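S.K.:
Numbering (this note's numbering), first residue to last: 22 to 193.
Encoded structure:
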(Lines of atoms letter the chains of each structure in order from A and count residues from 1; the text may use other names and numbers.)
(Lines give C-alpha, C1' and ligand atoms only; values in the text may rest on other atoms or scores of the structure.)
Protein backbone atom coordinates (compact mmCIF):
# COMPACT_ATOMS: atom_id res chain seq x y z
CA UNK A 1 0.00 0.00 0.00
CA UNK A 2 2.88 2.41 0.79
CA UNK A 3 6.19 2.85 -1.07
CA UNK A 4 8.16 4.03 1.96
CA UNK A 5 7.66 2.72 5.50
CA UNK A 6 9.73 3.98 8.41
CA UNK A 7 10.03 2.41 11.82
CA UNK A 8 11.49 4.17 14.83
CA UNK A 9 13.87 2.89 17.52
CA UNK A 10 12.65 -0.54 18.66
CA UNK A 11 9.27 -0.20 16.95
CA UNK A 12 7.24 -1.05 20.05
CA UNK A 13 4.08 -1.95 18.17
CA UNK A 14 5.85 -4.18 15.66
CA UNK A 15 8.39 -6.14 17.73
CA UNK A 16 6.63 -9.44 17.27
CA UNK A 17 5.32 -9.06 13.74
CA UNK A 18 7.02 -8.48 10.43
CA UNK A 19 6.63 -5.07 8.80
CA UNK A 20 7.97 -4.41 5.31
CA UNK A 21 9.86 -1.29 6.35
CA UNK A 22 12.25 0.59 4.11
CA UNK A 23 13.74 2.95 6.73
CA UNK A 24 14.84 2.43 10.34
CA UNK A 25 15.40 5.53 12.49
CA UNK A 26 17.38 5.11 15.73
CA UNK A 27 18.08 7.83 18.26
CA UNK A 28 21.34 8.00 20.14
CA UNK A 29 20.81 7.33 23.86
CA UNK A 30 22.56 10.26 25.54
CA UNK A 31 26.12 11.38 24.92
CA UNK A 32 28.04 8.91 27.07
CA UNK A 33 28.35 5.96 24.67
CA UNK A 34 25.22 4.10 25.85
CA UNK A 35 24.21 3.27 22.31
CA UNK A 36 20.98 3.82 20.39
CA UNK A 37 17.37 3.24 21.32
CA UNK A 38 16.36 0.09 19.44
CA UNK A 39 19.90 -1.35 19.21
CA UNK A 40 21.59 -3.88 21.49
CA UNK A 41 25.10 -2.50 21.83
CA UNK A 42 26.56 -5.72 23.31
CA UNK A 43 25.24 -7.98 20.55
CA UNK A 44 25.38 -5.32 17.80
CA UNK A 45 21.84 -6.04 16.62
CA UNK A 46 18.59 -4.16 16.21
CA UNK A 47 15.74 -4.85 18.61
CA UNK A 48 13.13 -5.38 15.93
CA UNK A 49 11.59 -8.39 14.21
CA UNK A 50 14.24 -10.26 12.17
CA UNK A 51 12.04 -10.35 9.06
CA UNK A 52 11.50 -6.59 9.34
CA UNK A 53 15.24 -6.07 9.58
CA UNK A 54 15.72 -7.91 6.27
CA UNK A 55 13.46 -5.45 4.41
CA UNK A 56 15.17 -2.29 5.68
CA UNK A 57 17.35 -0.57 3.10
CA UNK A 58 18.08 2.68 4.95
CA UNK A 59 19.25 3.28 8.52
CA UNK A 60 19.12 6.83 9.82
CA UNK A 61 20.95 7.53 13.08
CA UNK A 62 19.64 10.55 14.99
CA UNK A 63 22.55 12.00 16.97
CA UNK A 64 23.08 15.15 19.03
CA UNK A 65 25.07 17.65 17.02
CA UNK A 66 28.78 17.50 17.80
CA UNK A 67 28.32 14.70 20.36
CA UNK A 68 27.93 11.67 18.11
CA UNK A 69 29.16 8.37 19.60
CA UNK A 70 31.46 7.41 16.72
CA UNK A 71 32.31 4.00 18.21
CA UNK A 72 28.64 2.97 18.16
CA UNK A 73 28.06 4.42 14.70
CA UNK A 74 31.07 2.49 13.36
CA UNK A 75 29.82 -0.76 14.95
CA UNK A 76 26.50 -0.41 13.14
CA UNK A 77 28.17 0.59 9.86
CA UNK A 78 30.58 -2.36 10.14
CA UNK A 79 27.82 -4.93 10.58
CA UNK A 80 25.19 -3.53 8.21
CA UNK A 81 27.37 -2.86 5.17
CA UNK A 82 24.54 -3.80 2.78
CA UNK A 83 22.33 -0.92 4.00
CA UNK A 84 22.48 2.83 3.40
CA UNK A 85 23.42 4.47 6.69
CA UNK A 86 23.12 8.20 7.35
CA UNK A 87 23.79 10.19 10.49
CA UNK A 88 21.62 13.27 10.99
CA UNK A 89 21.37 15.83 13.78
CA UNK A 90 18.78 15.55 16.52
CA UNK A 91 19.79 19.01 17.75
CA UNK A 92 21.82 19.93 20.81
CA UNK A 93 22.17 17.80 23.95
CA UNK A 94 20.92 19.11 26.26
CA UNK A 95 18.36 20.94 24.11
CA UNK A 96 19.28 24.63 23.81
CA UNK A 97 17.43 25.72 20.69
CA UNK A 98 14.24 27.73 21.06
CA UNK A 99 13.14 27.35 17.43
CA UNK A 100 12.39 24.11 15.58
CA UNK A 101 11.82 24.12 11.83
CA UNK A 102 9.19 21.64 10.69
CA UNK A 103 7.63 21.53 7.23
CA UNK A 104 9.39 24.81 6.35
CA UNK A 105 7.75 26.64 9.28
CA UNK A 106 9.44 27.95 12.42
CA UNK A 107 7.96 26.93 15.76
CA UNK A 108 8.91 27.77 19.33
CA UNK A 109 10.09 24.56 20.95
CA UNK A 110 11.36 24.28 24.51
CA UNK A 111 12.15 20.55 24.81
CA UNK A 112 14.13 18.09 22.73
CA UNK A 113 12.15 16.93 19.68
CA UNK A 114 10.97 13.32 19.79
CA UNK A 115 12.33 10.62 17.49
CA UNK A 116 8.90 10.57 15.86
CA UNK A 117 8.86 14.26 14.92
CA UNK A 118 12.49 14.07 13.71
CA UNK A 119 11.51 11.10 11.50
CA UNK A 120 8.49 12.92 10.08
CA UNK A 121 10.61 16.03 9.44
CA UNK A 122 13.18 13.89 7.57
CA UNK A 123 10.44 12.29 5.45
CA UNK A 124 8.86 15.64 4.59
CA UNK A 125 12.22 17.06 3.53
CA UNK A 126 13.47 14.03 1.60
CA UNK A 127 10.24 12.86 -0.03
CA UNK A 128 8.50 16.10 -1.06
CA UNK A 129 5.95 14.40 -3.32
CA UNK A 130 4.68 11.95 -0.68
CA UNK A 131 1.91 12.18 1.87
CA UNK A 132 3.13 11.05 5.29
CA UNK A 133 0.82 8.57 7.05
CA UNK A 134 1.63 8.39 10.76
CA UNK A 135 0.79 5.29 12.77
CA UNK A 136 1.63 4.55 16.40
CA UNK A 137 2.45 8.11 17.48
CA UNK A 138 0.08 9.06 20.25
CA UNK A 139 1.81 11.98 21.96
CA UNK A 140 1.39 10.46 25.42
CA UNK A 141 4.92 10.52 26.81
CA UNK A 142 5.78 14.07 27.76
CA UNK A 143 8.67 14.13 30.22
CA UNK A 144 11.36 14.62 27.54
CA UNK A 145 9.47 16.12 24.63
CA UNK A 146 6.87 18.81 23.99
CA UNK A 147 4.25 16.46 22.58
CA UNK A 148 1.50 19.10 22.61
CA UNK A 149 3.63 21.26 20.29
CA UNK A 150 4.54 18.29 18.10
CA UNK A 151 0.88 17.40 17.70
CA UNK A 152 0.31 21.02 16.62
CA UNK A 153 3.06 20.73 13.95
CA UNK A 154 1.52 17.59 12.53
CA UNK A 155 -1.97 19.09 12.63
CA UNK A 156 -0.78 22.06 10.55
CA UNK A 157 1.02 19.86 8.02
CA UNK A 158 -1.06 19.42 4.87
CA UNK A 159 1.00 16.36 3.88
CA UNK A 160 0.65 14.56 7.23
CA UNK A 161 -2.17 12.19 8.12
CA UNK A 162 -2.26 11.06 11.75
CA UNK A 163 -3.94 7.67 12.28
CA UNK A 164 -5.40 6.93 15.70
CA UNK A 165 -3.49 4.44 17.86
CA UNK A 166 -5.29 1.37 19.16
CA UNK A 167 -4.51 2.16 22.79
CA UNK A 168 -3.60 5.28 24.65
CA UNK A 169 -0.13 4.39 25.98
CA UNK A 170 3.47 5.00 24.97
CA UNK A 171 3.75 1.31 24.06
CA UNK A 172 1.07 1.58 21.35
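Beta carbons are placed, not taken as given, at the ideal position from N, Cα and C, and that holds for glycine.
Predicted model, so just to flag it, every value in this text is computed and none were measured.
Please report the distance separating the alpha-carbon of residue 158 from that of residue 168.
M.R.: The residue given as residue 158 occupies position 137 in the chain shown. The residue given as residue 168 occupies position 147 in the chain shown. Taking the straight line from one Cα to the other gives about 10 Å.
S.K.: Could you compute how far the alpha carbon of residue 128 sits from the alpha carbon of residue 120?
M.R.: Against the chain shown, residue 128 aligns to sequence position 107. Against the chain shown, residue 120 aligns to sequence position 99. Approximately 5 Å between the Cα atoms of the pair.
S.K.: Under a three-way DSSP split, which group does residue 47 fall into?
M.R.: Mapped onto the chain shown, residue 47 falls at position 26. The DSSP-derived three-state label of residue 47 is strand.
S.K.: Thinking C-beta only, is residue 73 closer than 9 Å to residue 15?
M.R.: Absent from the model: residue 15. The displayed extent of the chain is 22 to 193, so no value can be given.
S.K.: Taking the beta strand (DSSP E) that residue 183 belongs to, which residues open and close that run?
M.R.: Taking the first residue of the chain shown as position 1, residue 183 is located at position 162. Run containing residue 183: 181 to 183, per the beta strand (DSSP E) assignment.
S.K.: Report the three-state DSSP secondary structure of residue 23 (helix, strand or coil).
M.R.: For the purposes of this step, residue 23 is taken as the residue at position 2 of the chain shown. Note: residue 23 maps to coil in three-state DSSP.
S.K.: Residue 138 and residue 106: beta carbons closer than 9 Å?
M.R.: Residue numbering aside, residue 138 sits at position 117 when the chain shown is read from its first letter. Residue numbering aside, residue 106 sits at position 85 when the chain shown is read from its first letter. No, the pair does not count as a contact, with Cβ atoms beyond the cut-off.
S.K.: Would residue 54 pass as a contact of residue 84 if the rule is Cβ separation under 9 Å?
M.R.: As a first step, residue 54 is located in the chain shown; it is residue number 33 there, counting from the start. As a first step, residue 84 is located in the chain shown; it is residue number 63 there, counting from the start. Cβ atoms of residue 54 and residue 84: not closer than 9 Å.
S.K.: What did DSSP end up calling residue 175 once you bin it into helix, strand or coil?
M.R.: As a first step, residue 175 must be located in the chain shown, where it is residue number 154. In this structure, residue 175 counts as helix in the three-state DSSP scheme.
S.K.: Span of the alpha helix (DSSP H) holding residue 96?
M.R.: On the chain shown, position 75 is the one that residue 96 refers to. Per DSSP, residue 96 belongs to the alpha helix (DSSP H) from 91 to 100.
S.K.: Taking residue 70 and residue 41 to be in contact with their CB atoms under 8 Å, please state how far apart those CB atoms are, rounded to whole angstroms.
M.R.: Position 49 of the chain shown, counting from 1, holds the residue named residue 70. Position 20 of the chain shown, counting from 1, holds the residue named residue 41. About 11 Å; that fails the 8 Å criterion.
S.K.: Could you tell me the alpha carbon to alpha carbon distance between residue 182 and residue 148, rounded to whole angstroms?
M.R.: Counted from its first residue, the chain shown places residue 182 at position 161. Counted from its first residue, the chain shown places residue 148 at position 127. Computed Cα separation, rounded: 15 Å.
S.K.: Can you have a look at residue 23 and say buried or exposed, based on whether 16 or more other CB atoms are within 10 angstroms of its CB?
M.R.: Position 2 of the chain shown, counted from the start, is the residue given in the question as residue 23. The residue in question, residue 23, is exposed, as its Cβ has fewer than 16 Cβ neighbours within 10 Å.
S.K.: Have a look at the DSSP bridge pairing and note the partners of residue 60.
M.R.: Along the chain shown, read from residue 1 onward, the residue named residue 60 stands at position 39. For residue 60, which the question treats as bridged, DSSP gives the partners 67.
S.K.: What do you get for residue 141, buried or exposed, if any count of 16 or more other CB atoms within 10 angstroms of its CB means buried?
M.R.: For the purposes of this step, residue 141 is taken as residue 120 along the chain shown, with counting starting at 1. Answer is buried; the Cβ neighbour count reaches 16.
S.K.: Please report the distance separating the alpha-carbon of residue 100 from that of residue 65.
M.R.: For this step, residue 100 is matched to residue 79 along the chain shown. For this step, residue 65 is matched to residue 44 along the chain shown. Going from the Cα of residue 100 to the Cα of residue 65 covers about 8 Å.
S.K.: DSSP three-state call for residue 156: helix, strand or coil?
M.R.: Along the chain shown, read from residue 1 onward, the residue named residue 156 stands at position 135. Three-state result, residue 156: coil.
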